[in-house]
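Structure record follows, encoded as C-alpha cells.
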Amino acid sequence: MLVSSKKMLQDALQGQYAVGQFNINNLEWTKAILQTAQENSSPVILGVSEGAGKYMGGYRSVVGMVKGMIEDMSIIVPVSIHLDHGSYEGALKAMDSGFTSVMFDGSHYTIEENIQKTKEIIAAAKERGISVEAEVGAIGGEEDGVTGSGEIADPKECKMIADLGIDMLAAGIGNIHGKYPENWAGLNFEVLGQIKDLTGEMPLVLHGGTGIPTEMVKQAIGLGVSKINVNTECQIAFTEATRKYFDAGKDLQGKGYDPRKVLAPGFEAIKQTVKEKMMIFGSIDKA
Ligand SMILES: [Zn+2]
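Position in the sequence shown (first residue = 1) + 19 = the numbering used here.
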C-alpha cells in the first residue's frame, strides 16, 4: 500500500521502534525490499537518491515500477517512496512525479535560507499529503575524511526547523555516511537527548545506518529516532554475493550466464540484510 511516511513514523515513535529506509538502485533492489517487508509485516520506506533516480530512468520510472510491484506482488504493508537528500528543485520534481515523501536537504545553506526553502517545500507537499524530511547541519561523510566524530547539529536550530511543520527531522549526532572510520567517536546521545527535549513529538531520522553497533541503534531508538537510513550495507551484501557467484565459476556452468541467475545471490543477500535490520529496528509485525 503506497502511503506517505507520516503515519508510519508517528506509529514508530509511539511504539518505540524505527522504520528502515532502504535505498533502491534497480528492479532487484526494489523487489527484494518490498518482498522482505511483506513477508515480515513491516512498514518500509524506499529511499531514492537523485543519482539513483536518474540511473533508473527518472522519477516517473521509479514511481511506475514501485506502484506496479505493489499491485503485482500484493504488497499490503505501508510503503513510501522517499527522495533521499533532495535538492530544492529535485524535491519539487519528485513530488510532481508521484513520490509520497521527500527529504529536502538544506543543511549546506545558512539556517535562514534552509528555513525559507524548507517552508516552501512544506507548502508544496502539504496540499498533496506528501511527507517532508528536513535536515539541520551537515552529517559527516567520506568527504570529511579525517574527522572521527562526524557532524553534530545545534539543538536550537533543530527546534527552529522542527517547528516549521515537517514530518521528520534529520540531525547530525555523530553519524557518518558510508563506512565508519576506525577512530569513530560513536553517536552523541547527549546531543540526541537535547534535540529530543526541544523537538518533542518529532520523529527523528538517523542517517548513515551502516555499521552503527546494534546497542547504539537501540539506544537511539529509545531516545526518539524513528527512521534509520540503510544504503551502503545492502550494496556491500549484494556485491559480495555476486562476487562469490563469479569466483565459483557459476556463470560458466550450464545457463549460469542468465542474468536472472547471476543476480539471484545478490537479491537474496539484500533480503537477508533488510530482514536483519528490521529485526534490530523492531519494525517486524508492526505493519
Ligand atoms: Zn543521508
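Glycine included, C-beta positions come from ideal geometry on N, C-alpha and C.
* Asked: Which of the three DSSP states, helix, strand or coil, is assigned to Q342?
  -> There is simply no residue 342 to check, as the chain begins at 20 and stops at 306 in what is shown.
* Asked: Counting along the chain, where does the alpha helix (DSSP H) carrying I180 start and finish?
  -> 174 to 181
* Asked: If you compare alpha carbons, which of D173, I180, V236 is closest to L206?
  -> V236
* Please confirm whether any heavy atom of ligand 1 lies closer than 8 Å to the CB of H127. => no
* Inside the segment 183 to 236 only - alpha helix (DSSP H) runs reaching at least 4 residues -> 208 to 218
* Excluding the five sequence neighbours on either side, which residues of its own chain have a C-beta within less than 8 Å of the C-beta of I141, listed in chain order? -> V151, L183, G184, I185
* Mind checking which residues open and close the beta strand (DSSP E) that includes A113? => Where A113 is concerned, there is no enclosing beta strand (DSSP E), although the alpha helix (DSSP H) it sits in stretches over 107 to 115.
* Cβ-Cβ distance between Y264 and P284 below 9 Å -> yes
* Compute every distance between the C-beta of H101 and the non-hydrogen atoms of ligand 1, then say whether any falls below 8 Å. => no
* To do: Look at L21 and I89 and say whether their C-beta atoms are less than 9 Å apart.
  => yes
* Ordered along the chain, which non-local residues of its own chain (more than five positions away) have a Cβ less than 7 Å from that of F208? -> Q238, L242
* Does the separation of the CB atoms of I43 and V98 fall below 9 Å? -> no
* Asked: Is G227 near ligand 1, with its Cβ less than 8 Å from a heavy atom?
  -> yes
* **Three-state secondary structure (DSSP) of S68** => strand
* Evaluate the contact criterion for the segment 65 to 77 versus the segment 100 to 112: three or more CB pairs, one atom per stretch, below 8 Å. => yes
* Beta-carbon proximity list for G227, same chain, < 6 Å, skipping 5 on both sides -> N194, I195, H196
* Check whether the Cβ of A189 lies closer than 8 Å to any heavy atom of ligand 2, and answer yes or no. => You won't find ligand 2 in this model; what it holds is ligand 1.
* **Inter-residue Cα distance where the pair is L225 and D270** => 39 Å
* Asked: Does DSSP put K246 in a helix, a strand or coil?
  -> strand
* To do: Confirm, please, whether the CB-CB distance from R147 to S116 is below 9 Å.
  => no
* Between the C-alpha atoms of Y36 and A181, what's the straight-line distance to the nearest angstrom? -> 20 Å
* Cα-Cα separation between V121 and S23, rounded to whole angstroms -> 9 Å
* Among the residues of its own chain, which have a CB less than 6 Å from the CB of K26, if the five just before and after it don't count? -> none
* Asked: In whole angstroms, what is the alpha-carbon distance linking H101 and G77?
  -> 14 Å
* Where do the ends of the alpha helix (DSSP H) carrying G285 lie? -> 283 to 300
* **Cα-Cα separation, E154 to D266** => 42 Å
* **Reference G156, options N202, E234, K175, A190, closest by Cα** => A190
* To do: Leaving out five residues on either side along the sequence, give the residues of the same chain with a beta carbon under 6 Å from the beta carbon of K11.
  => Any question about residue 11 goes unanswered here, given that the chain covers just 20 to 306.
* **Identified DSSP bridge partners for Q40** => I64, N248
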